[in-house]
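Input: a single structure, listed below in structure tokens.
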Amino acid sequence: MSLFGYFGLGLRAMSAAQLGLQVAGDNISNATTPGYARRRLDLTTGYPVRVPGGMLDQGVQIDQVRRQQDRLIQAALERETGTAAFADERLRGLRELESVFGTLDGDGILSAYADFSDAFTELAAQPENLALRRNALSGADRLASRLRDASNRLLTQRRAENDAVAAAVEEVNGLAAELAALNRKIAENEADGTTASPLRDQRDQVVERLVELTGGTAVPAERGQVSFSLPAGTTLVSVRDALPLRTSRDAQGMLRIAAGGDGSDITARFRSGKVGALLAVRDDEIPARLADLNDLAQDLIDRANALTTGATDLDGNPGRPLFIKIPPVRGAAEVIRVNVSLLDDPRLLAVSATGAPGDGWIADRIGALREGSSAALGNTTPADYLAGVLSDLGAQIVEADVASEVSRDVVGNLHARRESVSGVSLDEEAVELIRHQRAYEAGARFLQILNEITEITVNLV
Amino acid sequence: MRVSDASFIRQFLAGLRSSRTDISRALEQLADQKRVRVASDDPVAAHTSLNLRGTAVRLDGYIRTAGTARFDLATVDGVLGEATNLVTAARTEAMAGATDALGDVGAIRAETVEALRDQLLLLANTEQNGRYLFAGTETLTAPFDAAGTYAGDDNEVLAPIDPKQQVAVTLSGREVFQGAAGDLLQTLDDLATALRAGDHAAIEAQIPVLRRQLDHLGEVRAEVGHRMVLIDNAVARNEDQLLRLRQRISELEDAPLEETAVRLTAADNQLRALSGTASRVLGRSLFDFLG
Chain A
0 MSLFGYFGLG LRAMSAAQLG LQVAGDNISN ATTPGYARRR LDLTTGYPVR VPGGMLDQGV
60 QIDQVRRQQD RLIQAALERE TGTAAFADER LRGLRELESV FGTLDGDGIL SAYADFSDAF
120 TELAAQPENL ALRRNALSGA DRLASRLRDA SNRLLTQRRA ENDAVAAAVE EVNGLAAELA
180 ALNRKIAENE ADGTTASPLR DQRDQVVERL VELTGGTAVP AERGQVSFSL PAGTTLVSVR
240 DALPLRTSRD AQGMLRIAAG GDGSDITARF RSGKVGALLA VRDDEIPARL ADLNDLAQDL
300 IDRANALTTG ATDLDGNPGR PLFIKIPPVR GAAEVIRVNV SLLDDPRLLA VSATGAPGDG
360 WIADRIGALR EGSSAALGNT TPADYLAGVL SDLGAQIVEA DVASEVSRDV VGNLHARRES
420 VSGVSLDEEA VELIRHQRAY EAGARFLQIL NEITEITVNL V
Chain B
0 MRVSDASFIR QFLAGLRSSR TDISRALEQL ADQKRVRVAS DDPVAAHTSL NLRGTAVRLD
60 GYIRTAGTAR FDLATVDGVL GEATNLVTAA RTEAMAGATD ALGDVGAIRA ETVEALRDQL
120 LLLANTEQNG RYLFAGTETL TAPFDAAGTY AGDDNEVLAP IDPKQQVAVT LSGREVFQGA
180 AGDLLQTLDD LATALRAGDH AAIEAQIPVL RRQLDHLGEV RAEVGHRMVL IDNAVARNED
240 QLLRLRQRIS ELEDAPLEET AVRLTAADNQ LRALSGTASR VLGRSLFDFL G
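Residue numbers (numbering that gives the first Met the number 0), protein chains in the order written: chain A, 0 to 460; chain B, 0 to 290.
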């Protein structure tokens, strides 16, 4: 190698050190950037040349700036993220559901039912008393309105969950398009065999969010690209093409989700991720509680009306139904009302079995409905039935809480493992900075010596 | 294992979140001293407590109904007491009349007895809270007209005083005033007629009848007294049970203050330790020692 050839060697040493400093700087500045995977500068020795006495490397050569990532941990993290998002979102939905029923000591359906029973029991002792008749009717009115409130709040929550599903699906479609675009860019940028680290960081973020939303999985494809499939195998992103989800609404205004490819309805297939949880709350949990309330309300209507219509009012006329449903087709809890004519004239409330105004046998029977088991409620009493509904919901929340805690731990653990590979340690980067600074200084010193030698040689001429 | 700065931060954040959650829970408990606020706090305790709460409301209601029933029966008892006095007074007139010489005295005694009869009619038509107490279940109809004809029925208004117990709070006027001992109003009418006529034999004939009437009223009164005792027992029992229920509900739902305080202190200590460590560990790096 000629003397001037050594200038190149020094220059390469300095550029390698400079790039090293740049990589460390990049790492330091992204130390807290979410999804950033630490970069490492890979250096190799240059082409060897023959020198007297053997072979010698032509200095240092920059191989590549590598992104530090463990594919296995990343894949596990993606899987668990879907499960964790499902557990979290389901817990939130169930807690909201529980809040519809209020606190134990609050003015809920159960206490309204007890007050209603109470008012009728009291009426049984003085059935001709108009004040007590009004009191009994307003107890019935309060119970009906508690049932309506609870059922309307459940319906409101159902609509809110539905809106959240719509928003999530929109986000999924946006992310799908972004993923397809990133795939294309990565393929273009990596055509020369390098790694497009910033693009991959971005893509991992997009994939993670998609998993969080849908519980789907990313499948590696050729040239560093990935495709994305939803649970049960529906393709959302096929490498370079997004197949956005299609949506429609059913008769109740609930969003149905169809695959972008063949258009088949895949609403019921989401069993993981945020969307899965939202759908589970919307389509399973809330309708189940609504059905419970409807059973309770229908049982009340049927049994109370059977009693009053077989009885006689204060003026000796045949009794009218205590409760009515307006309109009659919807869920009983949603539309239960006290018969308006009774509220207008409490004398029409029929509680006499014999026809005598002092007979309150029927009022006593209505008062006892709460403690009487009913076939329509699975041979439990309304009191027990509702307490059972609430404590079942409570138990479900406890179980969901544990599930969410566990998956949060698992995800936390995986994050820690990912950080141990991909995370930036400022101490390490400080050492890298010193190392490359020293290397740069040494390279410069080498050039200075070369320069001096060259000057001596030139002066010889 | 390599520990990066991000994993430090993540760990600290997780720790902070958990101790802040503990603190917020303890504070909530401190505010209302409730361990179980909603069913998910403790589903089993909530189920029991919800049932007990319902039972407590019901017992409260039974105690209230029993109070009204007791009030009605006390009035009935008072009326029967007055009726007894009236009949006793009539009997005194009868006994005196049986030995009177003929003259105006008989007419005066007859008037007295007629007045007693009218008072008795008023008593039999006693009304309380808008209902007649001696009309059976025909509570809106005055049981006796001026002629003493009964318009009520022989049923009784039943007041529930316990989940399994009912007590009759009205009486059948027919059974009280026209029962086993005969028609009391008629007896007084007959007595008045006899007194006015000075018919000693007829007057004397009424004396044992009045005796039987008094016995009958005494029996009815004893029955009413028995009902009041039943009510008092039921109220005492229900109040006792209500107290036990409230204690049990409190045991199930309430958080003991000292326990909450200890938990709050523990969570607070954890938070302090964590923040102290965090500020030391996160605040320092190799860069502090460079240049």
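Each residue gets a CB set at the ideal place from its N, CA and C atoms; glycine is no exception.
Interface flag, B/D267 vs chain C, CB-CB below 9 Å: The structure shown contains no chain C; its protein chains are A and B.
Identified DSSP bridge partners for A/R416: The count along the first sequence starts at 1 and reaches residue 416 of chain A at position 417. A/R416 pairs with nothing; no bridge assigned.
Pick from B/V166, B/A146 and B/G147 that is closest to B/E155, judged by C-alpha positions: For the purposes of this step, residue 155 of chain B is taken as residue 156 along the second sequence, with counting starting at 1. Comparing Cα-Cα distances from B/E155 to each of B/V166, B/A146 and B/G147, the minimum goes to B/V166.
Distance between beta carbons of A/F227 and A/G215, contact taken as under 8 Å: In the first sequence, residue 215 of chain A corresponds to position 216, counting from 1. In the first sequence, residue 227 of chain A corresponds to position 228, counting from 1. At roughly 6 Å, the Cβ-Cβ gap stays under 8 Å, so A/G215 and A/F227 are in contact.
Member of B/K33, B/R16, B/L12 and B/S17 whose CA lies at the smallest distance from the CA of B/I248: For the purposes of this step, residue 248 of chain B is taken as residue 249 along the second sequence, with counting starting at 1. Here the closest residue by C-alpha is B/K33.
Proximity test, Cβ basis, 9 Å: A/L146 and chain B: Numbered from 1 along the first sequence, position 147 holds the residue referred to as residue 146 of chain A. Judged by the 9 Å Cβ criterion, A/L146 is not in contact with chain B.
Candidates A/V420, A/T246 and A/E398: closest to A/I72 by CA position: In the first sequence, the residue the question calls residue 72 of chain A occupies position 73. That would be A/V420, whose Cα lies nearest to the Cα of A/I72.
Reduced DSSP category for A/F100 - H, G, I as helix; E, B as strand; rest coil: Numbered from its first residue, the first sequence carries residue 100 of chain A at position 101. If DSSP states are grouped into helix, strand and coil, A/F100 belongs with coil.
Interface partners of B/G129 on chain A, CB under 8 Å: As a working note, residue 129 of chain B is residue 130 in the second sequence. In chain order: E127, N128 and L129.
A/R302 versus A/L122 - alpha carbon distance: The residue labelled residue 302 of chain A in the question sits at position 303 within the first sequence. The residue labelled residue 122 of chain A in the question sits at position 123 within the first sequence. About 18 Å.
Which of helix, strand or coil DSSP assigns to B/I8: Locating residue 8 of chain B in the second sequence gives position 9, counting from the first residue. Residue state, collapsed to three classes: helix.
Three CB pairs or more closer than 8 Å across the stretch 262-280 of chain B and the stretch 3-20 of chain B: yes
Sufficient close CB pairs (3 or more, under 8 Å) joining the stretch 91-106 of chain A to the stretch 147-165 of chain A: yes
Validate contact between the stretch 339-355 of chain A and the stretch 124-138 of chain A using beta carbons, cut 8 Å, 3 pairs: yes
C-alpha distance - B/D117 paired with A/A118, whole-angstrom precision: Your numbering for residue 117 of chain B matches position 118 in the second sequence. Your numbering for residue 118 of chain A matches position 119 in the first sequence. Roughly 39 Å separates the two Cα atoms.
Integer-rounded CB distance, given that A/E284 should sit under 8 Å from A/L93: Locating residue 93 of chain A in the first sequence gives position 94, counting from the first residue. Locating residue 284 of chain A in the first sequence gives position 285, counting from the first residue. A/L93 to A/E284, Cβ: 6 Å. Contact.
Buried or exposed (CB count within 10 angstroms, at least 16 for buried), A/L244: In the first sequence, counting from the first residue as 1, residue 244 of chain A sits at position 245. Buried, because 16 or more other Cβ atoms sit within 10 Å of the Cβ of A/L244.
Length of the line joining the Cα atoms of A/L96 and A/G138: Start at 1 with the first residue of the first sequence, and residue 96 of chain A comes out as number 97. Start at 1 with the first residue of the first sequence, and residue 138 of chain A comes out as number 139. When rounded, the distance between both Cα atoms is 25 Å.
Whole-number beta carbon distance between A/L321 and A/V339, since they are thought to touch under 8 Å: Taking the first residue of the first sequence as 1, we reach residue 339 of chain A at position 340. Taking the first residue of the first sequence as 1, we reach residue 321 of chain A at position 322. Actually they do not touch by this definition, with Cβ atoms about 12 Å apart.
For A/D114 and A/D261, the rounded distance between their alpha carbons: Along the first sequence, read from residue 1 onward, the residue named residue 261 of chain A stands at position 262. Along the first sequence, read from residue 1 onward, the residue named residue 114 of chain A stands at position 115. Straight-line measurement puts the Cα of A/D114 at about 56 Å from the Cα of A/D261.
Under the three-state DSSP convention, the category B/K33 falls into: Your numbering for residue 33 of chain B matches position 34 in the second sequence. Three-state result, B/K33: strand.
8 Å contact criterion, which A/S406 and A/E77 should meet: CB distance rounded: Here residue 406 of chain A refers to the residue found at position 407 when the first sequence is read from its first residue. Here residue 77 of chain A refers to the residue found at position 78 when the first sequence is read from its first residue. Contact doesn't hold; Cβ gap of about 13 Å is too wide.
is_contact[B/A109, chain A] using C-beta, thresh 9 Å: Residue mapping note: residue 109 of chain B aligns to position 110 of the second sequence, counting from 1. It does not: the Cβ of B/A109 has no partner Cβ on chain A nearer than 9 Å.
Distance CB(A/A267)-CB(A/R89) smaller than 9 Å: By 1-based counting over the first sequence, the position of residue 267 of chain A is 268. By 1-based counting over the first sequence, the position of residue 89 of chain A is 90. No, these two residues do not count as a Cβ contact at 9 Å.
Assigned secondary structure, A/G323 (DSSP; H/G/I helix, E/B strand, else coil): As a working mapping, residue 323 of chain A is identified with position 324 in the first sequence. First, the amino acid is wrong: residue 323 of chain A is Ile here, not Gly. Of the three classes helix, strand and coil, the one that applies to A/I323 here is strand, per DSSP.
Start-to-end residues for the beta strand (DSSP E) that takes in A/S237: By one-based count along the first sequence, residue 237 of chain A stands at place 238. It spans T234 to S237 - the beta strand (DSSP E) in which A/S237 sits, taken as one unbroken run.
Interface residues of the stretch 427-442 of chain A facing chain B [CB-CB below 9 Å]: Those residues of the stretch 427-442 of chain A placed with their C-beta closer than 9 Å to a C-beta in chain B are E427, E428, A429, V430, L432 and I433, ordered along the chain.
DSSP bridge partner residues for A/S144 (one or two, in chain order): Numbered from its first residue, the first sequence carries residue 144 of chain A at position 145. Beta-bridge pairing by DSSP links A/S144 to no other residue.
Euclidean distance between Cα positions of B/D99 and B/A200: Locating residue 99 of chain B in the second sequence gives position 100, counting from the first residue. Locating residue 200 of chain B in the second sequence gives position 201, counting from the first residue. Rounded to whole angstroms, B/D99 to B/A200 spans 12 Å at the Cα level.
B/A180, buried or exposed, once every other Cβ within 10 Å from all chains shown has been counted against 16: Counted from its first residue, the second sequence places residue 180 of chain B at position 181. Buried, by the Cβ-count rule.
For A/Y35, three-class secondary structure by DSSP: As a first step, residue 35 of chain A is located in the first sequence; it is residue number 36 there, counting from the start. Coil at A/Y35, not helix or strand.
Beta bridge counterpart(s) of A/M54 as assigned by DSSP: In the first sequence, the residue the question calls residue 54 of chain A occupies position 55. DSSP output for A/M54 lists A/R49 as bridge partner(s).
Helix, strand or coil at B/P162 [DSSP, three-state]: Position 163 of the second sequence, counted from the first residue, corresponds to residue 162 of chain B. Coil at B/P162, not helix or strand.
Neighbourhood of B/V112 by C-beta, 7 Å cutoff - its chain only, sequence neighbours within 5 removed: In the second sequence, residue 112 of chain B corresponds to position 113, counting from 1. Contacts found: A89, E92, L187, L190, A191 and L194.
Reference B/V35, options B/T264, B/T276, B/T138 and B/A254, closest by Cα: The count along the second sequence starts at 1 and reaches residue 35 of chain B at position 36. Checked all of B/T264, B/T276, B/T138 and B/A254; the closest Cα to B/V35 is B/A254.
Within chain A, partners of B/S48 - CB distance below 8 Å: What you label residue 48 of chain B is simply residue 49 of the second sequence in a count that begins at 1. Annotation: Cβ neighbours of B/S48 in chain A (cutoff 8 Å, chain order): L103.
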